[in-house]
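This report refers to the structure that appears directly beneath it.
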Amino acid sequence: EFADTPLVVRNLRKAYGDGFVAVEEISFTVERGHVVGLLGPNGAGKTTTLRVLMGLTMPSGGDALVFGHRLTPGAAILSRIGSLVEGPGFLPHLSGYDNLKAYWHATGRPEAEAHFEEALEIAGLGDSIHRKTRKYSHGMRQRLAIAQAMLGLPELLVLDEPTDGLDPPQIAEMRRVLKRYATDGRAVLVSSHLLAEVEQTCTHAVVVNKGRIVASGLVDEIVGESPSVQLAVSDV
Ligand code: ATP
630 EFADTPLVVR NLRKAYGDGF VAVEEISFTV ERGHVVGLLG PNGAGKTTTL RVLMGLTMPS
690 GGDALVFGHR LTPGAAILSR IGSLVEGPGF LPHLSGYDNL KAYWHATGRP EAEAHFEEAL
750 EIAGLGDSIH RKTRKYSHGM RQRLAIAQAM LGLPELLVLD EPTDGLDPPQ IAEMRRVLKR
810 YATDGRAVLV SSHLLAEVEQ TCTHAVVVNK GRIVASGLVD EIVGESPSVQ LAVSDV
């Protein structure tokens, strides 16, 4: 079941040790070719959702399937997901390119080596990739982290607030990169607290507030129309 669907999330729930319920009854699907925005104000439960999906913390209920395989901490299927959920550290004395090579050799599948350059091409880092990362600005570091998530061109990309701290031209560039990434049957799940960004970047949106979904569907259909969406994002 769902063997060809990048991601199916079913009734996800997460209560923290102190009893606080950060995520409740979250269900949505990410299909091939879609860029799905997980949209909501700070504290809505976006990071918690993505951390559960990436096996960084255990859910209290529900589950998620990636191409039909259940996601659990350490599951082999995690290798088919490229993610930026916790900021990766880079070696400051190496160039961006050498950092990615080192990362790839430590974790990558050799048979996907041919995709290395293609992933860099899509990420569009240009010549800055050959500078040492200690000279990188926040924006360049962020883009390198996104390039790292794209290595091997995984069929599902999961990014937590990738445009955080980027300036408007860099955000526009990110838009182009994500749209291009979600072709050839690949899919992207990206969190954001900015309505405009989701409108311009995503094909679909899942709007969350206080741990629950308040709207979901095609971006064009839900954004700007539903009062609950307006209310959710006006909390920002
Ligand atoms: P942000 O954009 O600020 O990261 P978010 O939508 O990603 O917001 P989460 O980080 O998932 O939200 O947090 C959701 C809620 O869970 C918040 O109220 C937060 O305080 C709470 N929370 C997060 N981590 C923990 C934890 N380890 N223990 C208890 N509560 C937590």
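The sequence shown begins at 630 in UniProt numbering and counts up by one. Glycine is no exception: its CB is placed at the ideal position from the N, C-alpha and C atoms. Keep in mind it's a predicted model, so treat the numbers as computed, not measured.
Residue i: CB within 7 Å of a non-hydrogen atom of ligand 1
i: residue 696; result: no
i: residue 649; result: yes
i: residue 728; result: no
i: residue 675; result: yes
i: residue 671; result: yes
i: residue 645; result: yes
i: residue 767; result: no
Neighbourhood of residue i by C-beta, 7 Å cutoff - its chain only, sequence neighbours within 5 removed
i: residue 811; result: 662, 663, 664 and 817
i: residue 809; result: 751
i: residue 714; result: 679, 680, 683, 685, 787 and 789
i: residue 778; result: 711, 712, 713, 786 and 788
8 Å Cβ shell around residue i - same chain, five flanking residues per side excluded
i: residue 684; result: 700, 701, 702, 703, 704 and 707
i: residue 746; result: none
i: residue 832; result: 662, 663, 664, 665, 811, 847 and 848
i: residue 852; result: 824, 827, 828, 834 and 858
Own chain residues within Cβ distance below 6 Å of residue i, not counting five before or after
i: residue 794; result: 767
i: residue 827; result: 666, 668, 821 and 834
i: residue 690; result: 642
Which listed residue (the options) has its alpha carbon closest to that of residue i
i: residue 760; options: 667, 727 and 655; result: 727
i: residue 712; options: 772, 688 and 734; result: 772
i: residue 785; options: 744, 845, 690 and 815; result: 815
i: residue 688; options: 655, 842 and 643; result: 643
Inset, instruction - Taking 8 Å as the threshold, find out whether the segment 714-726 comes into contact with the segment 794-802 through three or more Cβ pairs. - result: no
Legend entry - the segment 644-660 / the segment 672-684 touching (three or more Cβ pairs under 8 Å): yes
Inset, instruction - At 4 residues or longer, and completely inside the segment 688-743: list those alpha helix (DSSP H) runs for me, N to C. - result: 725-736
Inset, instruction - Just list the beta strand (DSSP E) runs in the segment 772-825, keeping only unbroken ones of 3 residues or longer that don't cross its boundaries, in chain order. - result: 785-788 and 816-821
Inset, instruction - Inspect the CB distances between the segment 685-705 and the segment 633-642 and report whether three or more fall short of 8 Å. - result: yes
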